[in-house]
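Report on the structure given below.
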Amino acid sequence: MTVNAKYHQADLPEYRGNPLIEALPPLMSREDVMLALSNFPEINENERELSNEVREQYVDRIDAFRCPQGTFFDCYKAIVRLLRTGYTTRNPLDIHTVRFLHYSVEGSLGEALGDGFHRPRAGTFSITGISGVGKSTMLEQVLGHFPQIIDHNVYQGHDLTPLRQVVWLKINCPPNSKARDLTEILLAAIDDALGLKRTAPPSRTGTLLRLIAQKIKSAFIGVLVIDEMQRLTRTNGDEQLINFLHDIVDTLGVPLVFCGNPEFEDKMRQRLRFARRAETAGFIRLNPLAYQTSDWQSFIKYLWRYQWTNVYTPLNDELNIKMHKLSKGNLAIAQRLFVTAQLKVIGTGNEVITPALLGLSESVLTSRADEFIQADALVYDEELPELSESEETVLPLKNNGKSFLKSREIRQKPVRRVHKSFTVTADLNRPQHEEFAEELNNYTAQTEAILAKKCEPVLFRALWQNKCRYSALEHYDRLCNDPSTET
Numbered sequence: 001m002t003v004n005a006k007y008h009q010a011d012l013p014e015y016r017g018n019p020l021i022e023a024l025p026p027l028m029s030r031e032d033v034m035l036a037l038s039n040f041p042e043i044n045e046n047e048r049e050l051s052n053e054v055r056e057q058y059v060d061r062i063d064a065f066r067c068p069q070g071t072f073f074d075c076y077k078a079i080v081r082l083l084r085t086g087y088t089t090r091n092p093l094d095i096h097t098v099r100f101l102h103y104s105v106e107g108s109l110g111e112a113l114g115d116g117f118h119r120p121r122a123g124t125f126s127i128t129g130i131s132g133v134g135k136s137t138m139l140e141q142v143l144g145h146f147p148q149i150i151d152h153n154v155y156q157g158h159d160l161t162p163l164r165q166v167v168w169l170k171i172n173c174p175p176n177s178k179a180r181d182l183t184e185i186l187l188a189a190i191d192d193a194l195g196l197k198r199t200a201p202p203s204r205t206g207t208l209l210r211l212i213a214q215k216i217k218s219a220f221i222g223v224l225v226i227d228e229m230q231r232l233t234r235t236n237g238d239e240q241l242i243n244f245l246h247d248i249v250d251t252l253g254v255p256l257v258f259c260g261n262p263e264f265e266d267k268m269r270q271r272l273r274f275a276r277r278a279e280t281a282g283f284i285r286l287n288p289l290a291y292q293t294s295d296w297q298s299f300i301k302y303l304w305r306y307q308w309t310n311v312y313t314p315l316n317d318e319l320n321i322k323m324h325k326l327s328k329g330n331l332a333i334a335q336r337l338f339v340t341a342q343l344k345v346i347g348t349g350n351e352v353i354t355p356a357l358l359g360l361s362e363s364v365l366t367s368r369a370d371e372f373i374q375a376d377a378l379v380y381d382e383e384l385p386e387l388s389e390s391e392e393t394v395l396p397l398k399n400n401g402k403s404f405l406k407s408r409e410i411r412q413k414p415v416r417r418v419h420k421s422f423t424v425t426a427d428l429n430r431p432q433h434e435e436f437a438e439e440l441n442n443y444t445a446q447t448e449a450i451l452a453k454k455c456e457p458v459l460f461r462a463l464w465q466n467k468c469r470y471s472a473l474e475h476y477d478r479l480c481n482d483p484s485t486e487t
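At position 66 of the sequence shown the residue is numbered 66 (the UniProt record's numbering), and the sequence of numbers has no breaks.
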């Protein structure tokens, strides 16, 4: 998104007089951030009356559903701090910045500029978590709040035309973790963001590095986000790539945000210098949500509204717990589970969402989803995951007088890994053939009516406590063998 600059006076004195900072969107409160980062697709009760084929297409709207969690606001604050601190030493009206832009990187470092030195200030921020936990979604939602390109014009009497500010860029770490491949990806991303014809990368690596350095400086990149950083570990990492990332921060003054799976976190621990650099502005570890957290309860409450079945199934504790157990608190899996359940039931004649239906949908998903295996290791109690404590805590710490985020270490109980068989079990409460749907539904309704009329909780509790068999129910005339003959 490209916008024309609208300047707002900065709150801090050191930020004032800097058009790059004062062109950024004003700071927002927590409530405003959560509202801005949410996305609740439209739904109309009349849509339940549409054809099966149309309703199946409406179900795909769930993919666009976004219910921001508490960490969204933490990520927003981190990005805001990175942008502002990174731009403090890159004011285009400052003579130091002007000389920095027009000299090569090697020639400008350590060189006295005017009455001082040009020392870029930039931080780094890391986000880790298993696949599907919402890392990329959170980053894309937060970055989407900021315009990617700002066209500057006149600022306090200074004509800044044709300055174009690239507020953020998001790229993926190359599969082979090579520095040259990353620079070529970054070069193309800058040209694409600015709407320019792609620059052909030079054949010599040294020339390419100098070219990309000049591109980064002139584009005034606010923050560079690199996703899929776990690829750095799968190829044993490339020393030149890590050094290049350090140069982006130390020499060019561009803040970095790293995003990756737990393998990337393990890699950071092994490399002290890299770990220190990757967390200067903070660190967030995203884990699947525990059942009793407000984030999960809010998520499932809003998600459950999006039903395009011909009958609305209210959310109860049984369905809530079942959704959490099957998804293991993984929001992406929970959304796909809800979509799969509705697609399976639409057009069957009985479109009520039941725990058995959710279990059937989970069987289909787990047969081809690695995220379920990864999520197993994060569950404290396999029997009662809904009673686990919240695994995600972001603590305010201090670093040279500046606040930043860091999550505490998680003490996990050892979990015995059980390899599930992927046998698809049928829902015995639901007709499996459309031609029998009406008759079987009538039998089911009769059975429920008989149970409601004849069942006494005290009797059943007594029989259960005495470990009686089903034959005892016949003795008390409480066993229904054939609903069609019962009255």
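The beta carbon of each residue, even a glycine, is placed where N, CA and C say it ideally should be.
For clarity, every value in this text was computed on a predicted model and none was experimentally measured.
Check                                                                                                                             : Outcome
Any non-hydrogen atom of the ligand FAD within 6 Å of residue 210 CB                                                              : No copy of the ligand FAD occurs in the structure displayed, which carries no ligand at all.
Beta-carbon spacing of residue 67, residue 142 below 7 Å                                                                          : no
Straight-line gap, residue 14 to residue 88 (C-alpha atoms, nearest Å)                                                            : 7 Å
N-terminal and C-terminal residue of the beta strand (DSSP E) that residue 169 is part of                                         : 168-172
Chain-order list of residues whose beta-carbon lies under 8 Å from that of residue 255 (same chain, five-residue window excluded) : 82, 83, 85, 86, 122, 123, 124, 125, 222, 223, 224, 249, 281
Beta strand (DSSP E) segment containing residue 285, residue limits                                                               : 282-286
Straight-line gap, residue 149 to residue 346 (C-alpha atoms, nearest Å)                                                          : 44 Å
Beta-ladder partner(s) of residue 126, from DSSP                                                                                  : 258, 283
Among 21, 57, 24, the one whose alpha carbon lies nearest that of residue 308                                                     : 57
Chain-order list of residues whose beta-carbon lies under 6 Å from that of residue 304 (same chain, five-residue window excluded) : 315
Straight-line Cα distance separating residue 145 from residue 79                                                                  : 11 Å
Classification of residue 300 by the beta-carbon crowding that lies within 10 angstroms, buried from 16 upward                    : buried
Three-state secondary structure (DSSP) of residue 80                                                                              : helix
Backbone CA spacing between residue 164 and residue 312 [nearest angstrom]                                                        : 51 Å
Exposure of residue 294, with buried meaning 16 or more beta-carbon neighbours within 10 Å                                        : exposed
Beta-bridge pairing of residue 158 - partner residues as DSSP gives them                                                          : 155
Run of the alpha helix (DSSP H) containing residue 326, from where it starts to where it stops                                    : 317-327
Residue range of the beta strand (DSSP E) that includes residue 224                                                               : 223-227
Buried/exposed call for residue 265, threshold 16 Cβ in 10 Å                                                                      : buried
Cβ-Cβ distance between residue 62 and residue 335 below 7 Å                                                                       : yes
Contact check, residue 19 vs residue 102, beta carbons under 7 Å                                                                  : no
Buried versus exposed, by CB contacts within 10 Å (16 or more), residue 491                                                       : No answer is possible for residue 491: it lies beyond the span of the chain, which begins at 1 and ends at 487.
Continuous alpha helix (DSSP H) stretch holding residue 59: start and end                                                         : 52-59
6 Å Cβ shell around residue 8 - same chain, five flanking residues per side excluded                                              : 22, 26
CB-CB length for residue 64 against residue 41, believed under 8 Å                                                                : 5 Å
Own chain residues within Cβ distance below 6 Å of residue 228, not counting five before or after                                 : 172, 173
Within 7 Å, strictly: CB atoms of residue 207 and residue 180                                                                     : no
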